[in-house]
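As structure tokens, the structure follows; a few thoughts come after it.
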Amino acid sequence: MTSITTRRHDVERLRREHPIADVIARYGIELRQAGQALVGRCPFHPDSDRPNLHVYPDSARWFCYRCSTGGDAIDFVRRQEHLGFVEACERLMAVPAHPLTKAKVSRARRERRWDRLTLEEQILMNTACALYQHALWREPRALTYLRERGIPDWVIRRCGLGYADGHSLEAYLRHRSGLRTAQELGLLRKPGQRDGGKPLAEFFSGRIVVPEIRAGQCVWLIGRDLGDSPHHPKYLALSGERPVLGFERVIGQRTAFLVEGVFDYLTAITWRLAAFSPCGTHLPADRLGFLARAEVIYGVLDGDMAGEAAGQRFRQQLGPRFHPLRLPDGCDLNDLARRPGGRPAFFRLLAAARHPQGKENSHA
Ligand SMILES: [Zn+2]
């Protein structure tokens with residue numbers, strides 16, 4: 025009895041000390057993040073050029089959807105090295121746990137390029153975006169939220185805003201194909217350790233979703249929580265290289281408006297400005313080429329320390345064509361828009377920046 029208990033205890037400790045992703049990466053298999061899972065090439069079947077191998081760090085298990093094998097870290101070592109159970113355990117015990125994958129995984133996380141989707145992935149993104157759009161009009165809380173933030177219906181439609189109700193996407197895909205692709209894209213994920221038969225969880229559940237649309241197709245999504253609970257991040261975005269939100273609104277324009285946040289972006293569109301947002305304060309230099317035609321790029325930055333720092337960074341990247349517009353009283357563009365007189369105040373600021381000699385045009 026004792027030996028069995030000891031052994032089970034040892035096995036559990038082995039699993040704990042050797043995270044599944046580390047064990048697999050140690051065999052030279054590159055894993056990249058796809059939602060809650062990590063995906064890579066399966067070593068157990070030939071012509072493995074697709075990422076069939078799925079690794080679920082939360083449940084410490086792996087599964088190949090091509091050859092239908094799977095298990096835990098010990099099973100992986102057994103198969104990989106043709107070992108028995110005990111030998112595989114000993115092999116694991118002999119290897120010190122090391123944080124090899126952290127860097128590999130984070131590099132992989134950056135590698136997902138949302139402007140490079142397979143046909144299957146693009147169709148799925150379009151489907152999800154359409155389902156979210158329909159769901160928005162059925163959810164009064166979401167509509168109220170958008171209206172309270174000053175976003176009119178025409179912008180909701182034009183930008184394809186949606187709402188993830190937490191079940192429609194899974195229900196729709198369950199009777200078709202695409203559940204797996206939705207998981208690879210990060211739209212659906214396993215609900216946790218003991219998921220016996222439970223539906224997959226929707227990544228954006230309970231959130232307003234804002235798509236980045238290219239040529240009429242949804243290539244990426246970011247979601248805003250309806251509440252302001254400290255227990256949920258305000259924003260969740262599909263992981264990978266963030267595309268510029270509003271790319272097509274700005275490319276080829278002579279005047280462009282760089283805004284920080286998602287709702288600042290929606291406000292700018294409401295005011296019919298050619299606006300884009302990096303959805304954060306970082307915009308890699310090798311993706312600024314789309315601004316080549318812009319003679320002036322107004323940086324509409326939050327009137328706080330972070331906005332100040334971001335302005336200096338963008339100025340370095342964009343050179344003399346960059347003109348920061350400092351919004352008053354530490355507010356962002358969406359805050360300003362909801363104040364009485366906010367919109368004319370913004371256009372006065374803009375006119376002053378256009379004509380620094382004081383020849384202000386009334387604009388709005
Ligand atoms: Zn396989």
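Just so we're aligned, residue 25 is where the sequence shown starts under our numbering, counting upward by one. Every residue gets a Cβ at the ideal spot worked out from N, C-alpha and C, and that includes glycine. In this text, all values refer to a predicted model and were calculated from it rather than measured experimentally.
- Where Y80 is concerned, the enclosing beta strand (DSSP E) starts and stops at 77-80.
- Annotation for F68 indicates a beta carbon within 6 Å of some heavy atom of ligand 1.
- Contact between I232 and R248 holds, with the beta-carbon distance rounding to 5 Å and staying under 8 Å.
- Of the heavy atoms belonging to ligand 1, at least one sits nearer than 6 Å to the Cβ of N76.
- Bounds of any alpha helix (DSSP H) do not take in W86; it lies within the beta strand (DSSP E) bounded by 85-88.
- In the DSSP assignment, E236 falls within the unbroken beta strand (DSSP E) covering 231-238.
- Taking 6 Å as the cut-off, the C-beta of R90 counts as close to a heavy atom of ligand 1.
- Per DSSP, Y196 is not a residue of any beta strand (DSSP E); the alpha helix (DSSP H) it occupies stretches across 192-198.
- Inclusion of C242 and R266 in the CB contact set at 7 Å is not warranted, their separation being larger than that value.
- Closest in alpha carbon position to F370, among T291, R337, L38, is T291.
- Distance from the Cα of R137 is smallest, within the candidate group T294, Q57, R204, for Q57.
- Rounded to whole angstroms, the Cβ separation of G186 and L160 is 5 Å, and the two are in contact under 8 Å.
- Counting along the chain, no alpha helix (DSSP H) covers F228, and no H or E run does either.
- Taking C-beta separations shorter than 7 Å and ignoring five residues to either side along the sequence, the partners of F87 in its chain run H78, G94, following chain order.
- DSSP places P348 within a strand segment (E or B) once states are collapsed to three.
- Residue pairing by DSSP places R213 opposite A225 in a beta bridge.
- Inter-segment contact for the stretch 171-179 and the stretch 142-151 is absent: fewer than three beta-carbon pairs are separated by less than 8 Å.
- Here E114 carries a helix assignment [DSSP, helix/strand/coil].
- In this structure, DSSP gives A298 a state outside helix and strand, which the three-state scheme calls coil.
- In its chain, beyond the 5 residues on either side, T294 have a beta carbon closer than 8 Å to the beta carbon of P176.
- Per the coordinates, the alpha-carbon of E319 lies some 17 Å from the alpha-carbon of R311.
- For D34, the number of other beta carbons within 10 angstroms of its own is below 16, and it is reported as exposed.
- The C-beta distance from Q277 to G59 rounds to 34 Å, too long to meet the 8 Å contact threshold.
- In this structure the stretch 325-335 touches the stretch 348-368; the number of beta carbon pairs closer than 8 Å is three or more.
- Distance from D96 to I44 at the Cβ level is roughly 7 Å; contact confirmed, criterion being Cβ atoms closer than 8 Å.
- Rounded to whole angstroms, the separation of the alpha carbons of R39 and A84 is 8 Å.
- With fewer than 16 other beta carbons inside 10 angstroms of its own, T142 counts as exposed.
- Judged by DSSP secondary structure, Y156 falls within the alpha helix (DSSP H) whose first and last residues are 143-161.
- As the crow flies, the alpha-carbon of F281 is around 27 Å from that of D252.
- According to DSSP, W244 shares a beta bridge with E236.
- It is roughly 20 Å from the alpha-carbon of A316 to the alpha-carbon of A334.
- As the crow flies, the alpha-carbon of R90 is around 59 Å from that of L373.
- Distance from the Cα of H42 is smallest, within the candidate group D73, D99, E54, for D99.
- By a beta-carbon distance limit of 8 Å, F227 contacts L211. Their separation comes to about 5 Å.
- For the 7 Å CB-CB criterion, S301 and L269 form a contact.
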